[in-house]
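*Asks:* Pasting a structure here, questions to come.
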Amino acid sequence: MTRFQANLLLLTAGAMWGMGFVAQSTAMDAIGPYLFIGLRFAIATLAILPFALRESARAPAPLNAQHWRAFTLVGLLLFAGMASQQVGLLTTTVTNAGFLTGLYVVMVPFFGVLLFRQWPHRVLWPATLCALAGIWLLSGGGAVAFVAGDWLNILCAAFWALQVIYIARSAGRSGRPVTLAVTQFAVTAFVALAIAVLIEPIDIEAIRAALPEILYAGIFSGGIAFTLQVVGQRYTTAPQAAIFLSTEAVFAALFGAVFLGERLPPTGLAGCGLILSAILLVEVVPALRARRLTS
Numbered sequence: 141m142t143r144f145q146a147n148l149l150l151l152t153a154g155a156m157w158g159m160g161f162v163a164q165s166t167a168m169d170a171i172g173p174y175l176f177i178g179l180r181f182a183i184a185t186l187a188i189l190p191f192a193l194r195e196s197a198r199a200p201a202p203l204n205a206q207h208w209r210a211f212t213l214v215g216l217l218l219f220a221g222m223a224s225q226q227v228g229l230l231t232t233t234v235t236n237a238g239f240l241t242g243l244y245v246v247m248v249p250f251f252g253v254l255l256f257r258q259w260p261h262r263v264l265w266p267a268t269l270c271a272l273a274g275i276w277l278l279s280g281g282g283a284v285a286f287v288a289g290d291w292l293n294i295l296c297a298a299f300w301a302l303q304v305i306y307i308a309r310s311a312g313r314s315g316r317p318v319t320l321a322v323t324q325f326a327v328t329a330f331v332a333l334a335i336a337v338l339i340e341p342i343d344i345e346a347i348r349a350a351l352p353e354i355l356y357a358g359i360f361s362g363g364i365a366f367t368l369q370v371v372g373q374r375y376t377t378a379p380q381a382a383i384f385l386s387t388e389a390v391f392a393a394l395f396g397a398v399f400l401g402e403r404l405p406p407t408g409l410a411g412c413g414l415i416l417s418a419i420l421l422v423e424v425v426p427a428l429r430a431r432r433l434t435s
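Using the working numbering, you'd call the opening residue of the sequence shown number 141 and step up by one each time.
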């Protein structure tokens, strides 16, 4: 797979996440956050498991204990990020949550340097700030009131950044991206359902009321989108992946206009332009530099 194709997969994942953000919020009108996370990722596990089994059957060698430990760590980071975001949505707005979660775009290159001394291409720094400014404008460009839910979404951004980094390290080394995706889904579902059984009411009628949101979040923005993320990250860098995944905010605004009749103000359109400019920077500048070096 070329880097362009990998980045296209990441754009698709961003689109699915943008479509699913509303489902995450509205589902909690009926059920608790941990039950929603558990059911969502249980469905994601079942949806992608056949592809993981097919991948395993074709693999030249079995996974070792180190691979499984790395996959489990990614799953725990996914759960921590999802739990922080989902619980945070109880006390903050979707707009604030979208902007603050988008901070992972900035955190990924910084964590990469701090943890592994991985210095990204120089264009990533201005592109990262450009994408962050775009997310801020897209969210309305207003001040963020730091209630408990806002702090939880900042914590979510940190877990998201770590998840992106460790996927980049694990997917390429194991050569089993779909197995990695299913493992992180299963770990997230298990931990979330265990917590839900302990602290949340389990009501079949409430689950039935939230079923459309659970199915979309489980199959599309869960199973398919996160699998596309893992596959795409085998062929691109973690900071570049974060830039492309940040288009979630752009697609959320687009789907809001198409399905809900919402219209972006000029600041929102400017935000979309900045995010798209960041994508062009990370896609075009390294390619031009590589062409000059080989010519």
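C-beta: ideal position from N, C-alpha, C; glycine also.
1) Using CA coordinates, which residue listed in R374, A392, V322 is at the minimum distance from M141?
2) Give the secondary structure of Y375 by DSSP, where H, G and I count as helix, E and B as strand, and everything else as coil.
3) Using the Cβ count rule (16 or more neighbours within 10 Å means buried), how would you classify Q145?
4) Just the Cα atoms here: how many angstroms apart are I183 and R432?
5) Are M156 and L230 close, meaning C-beta to C-beta below 8 Å?
6) Does DSSP put S386 in a helix, in a strand, or in coil?
7) Throw me the rounded Cβ distance for the P173 and V227 pair, which I believe falls under 8 Å.
8) Tell me whether P249 is buried or exposed, calling it buried when 16 or more other Cβ atoms sit within 10 Å of its Cβ.
9) Whole-angstrom Cβ separation of C412 and G274, contact assumed at under 8 Å?
10) Excluding the 5 residues flanking E195 on each side, which residues of the same chain have their C-beta closer than 7 Å to its C-beta?
11) Between which two residues does the alpha helix (DSSP H) carrying F181 extend?
12) Looking at the unbroken alpha helix (DSSP H) that takes in M159, where does it start and where does it end?
13) Does P260 come out as helix, strand or coil in the three-state DSSP assignment?
14) Work out the CA separation of A192 and N293 for me, nearest whole Å.
15) Let me confirm a value: R180 is counted as buried when at least 16 other C-beta atoms fall within 10 Å, else exposed. Which label applies?
16) Can you find a C-beta in chain B that's less than 8 Å from the C-beta of L320?
17) Can you tell me whether I305 is buried or exposed? The criterion is at least 16 other CB atoms within 10 Å of its CB, across all chains shown.
18) Can you give, in chain order, each stretch of the beta strand (DSSP E) that sits fully within the stretch 288-322 and has at least 3 residues?
19) With S361 as the anchor, note down where its alpha helix (DSSP H) starts and where it stops.
20) Between G372 and the rest of its own chain, which residues show a CB-CB distance below 6 Å, the 5 nearest in sequence each way excluded?
21) Using the C-alpha atoms, what's the distance from Y244 back to V322?
22) With DSSP run on the structure shown, which of helix, strand or coil describes I342?
23) Report the three-state DSSP secondary structure of T231 (helix, strand or coil).
24) Rounded to a whole number of angstroms, what is the C-alpha to C-alpha distance between I188 and L355?
25) Could you check if G160 belongs to the surroundings of the ligand MG, using beta carbon to heavy atom distance under 7 Å?
26) Cutting at 7 Å between CB atoms, please list the residues of its own chain near Q258, excluding the five before and the five after it.
27) Ordered along the chain, which non-local residues of its own chain (more than five positions away) have a Cβ less than 6 Å from that of A350?
28) Please classify F161 as buried or exposed, where buried requires at least 16 other C-beta atoms within 10 Å of its C-beta.
*Replies:* So, from the listed chains and residues:
1) The residue you call residue 141 lines up with position 1 of the sequence shown. The option with the nearest alpha carbon to M141 is R374.
2) By one-based count along the sequence shown, residue 375 stands at place 235. Reduced to three states, the DSSP call for Y375 is coil.
3) Here residue 145 is taken as the residue at index 5 of the sequence shown, counted from 1. By the 10 Å Cβ count, Q145 comes out exposed.
4) As a working mapping, residue 183 is identified with position 43 in the sequence shown. As a working mapping, residue 432 is identified with position 292 in the sequence shown. Their Cα atoms are separated by approximately 47 Å.
5) The residue labelled residue 156 in the question sits at position 16 within the sequence shown. The residue labelled residue 230 in the question sits at position 90 within the sequence shown. Contact flag unset, no.
6) Here residue 386 refers to the residue found at position 246 of the sequence shown. If DSSP states are grouped into helix, strand and coil, S386 belongs with coil.
7) Residue mapping note: residue 173 aligns to position 33 of the sequence shown, counting from 1. Residue mapping note: residue 227 aligns to position 87 of the sequence shown, counting from 1. 5 Å between Cβ atoms; contact.
8) Working through the sequence shown from its first residue, we reach residue 249 at position 109. The residue in question, P249, is buried, as its Cβ has 16 or more Cβ neighbours within 10 Å.
9) Within the sequence shown, the letter at position 272 stands for residue 412. Within the sequence shown, the letter at position 134 stands for residue 274. That pair is a contact at about 7 Å.
10) Against the sequence shown, residue 195 aligns to sequence position 55. Once the five neighbours on either side are set aside, the close Cβ partners of E195 are R316, V318, T319.
11) Walking along the sequence shown from the start, residue 181 turns up at place 41. Run containing F181: 173-198, per the alpha helix (DSSP H) assignment.
12) Position 19 of the sequence shown, counting from 1, holds the residue named residue 159. M159 -> alpha helix (DSSP H) spans 143-167.
13) In the sequence shown, residue 260 corresponds to position 120, counting from 1. Three-state result, P260: coil.
14) For the purposes of this step, residue 293 is taken as the residue at position 153 of the sequence shown. For the purposes of this step, residue 192 is taken as the residue at position 52 of the sequence shown. Approximately 31 Å, taken between the alpha carbons.
15) Sequence index remark: in the sequence shown, residue 180 carries index 40 (1-based). Buried, since its Cβ has 16 or more Cβ neighbours within 10 Å.
16) Absent from the structure is chain B; it holds one protein chain and no more.
17) Locating residue 305 in the sequence shown gives position 165, counting from the first residue. Answer is buried; the Cβ neighbour count reaches 16.
18) none
19) Taking the first residue of the sequence shown as 1, we reach residue 361 at position 221. No alpha helix (DSSP H) contains S361, which DSSP labels as neither H nor E.
20) To locate residue 372, count along the sequence shown from 1; it is residue 232. Cβ neighbours of G372 beyond the five flanking positions: A146, L149, L150.
21) Residue 322 sits at position 182 when you count from the first residue of the sequence shown. Residue 244 sits at position 104 when you count from the first residue of the sequence shown. So the alpha carbons of these two residues sit roughly 23 Å apart.
22) Within the sequence shown, the letter at position 202 stands for residue 342. Correct three-state label for I342: coil.
23) Locating residue 231 in the sequence shown gives position 91, counting from the first residue. Of the three classes helix, strand and coil, the one that applies to T231 here is coil, per DSSP.
24) To locate residue 188, count along the sequence shown from 1; it is residue 48. To locate residue 355, count along the sequence shown from 1; it is residue 215. Their backbone Cα atoms lie some 13 Å apart in a straight line.
25) Looking at this structure, you won't find the ligand MG or any other ligand, since it has none at all.
26) As a working note, residue 258 is residue 118 in the sequence shown. Only G252 meet the Cβ criterion.
27) Mapped onto the sequence shown, residue 350 falls at position 210. Taking A350 as the centre and dropping the five residues before and after it, the same chain places the C-beta of A167, A170, I171 closer than 6 Å to its C-beta, in chain order.
28) Taking the sequence shown and counting its residues from 1, one reaches residue 161 at position 21. By the neighbour-count rule (16 or more Cβ atoms within 10 Å), F161 is buried.
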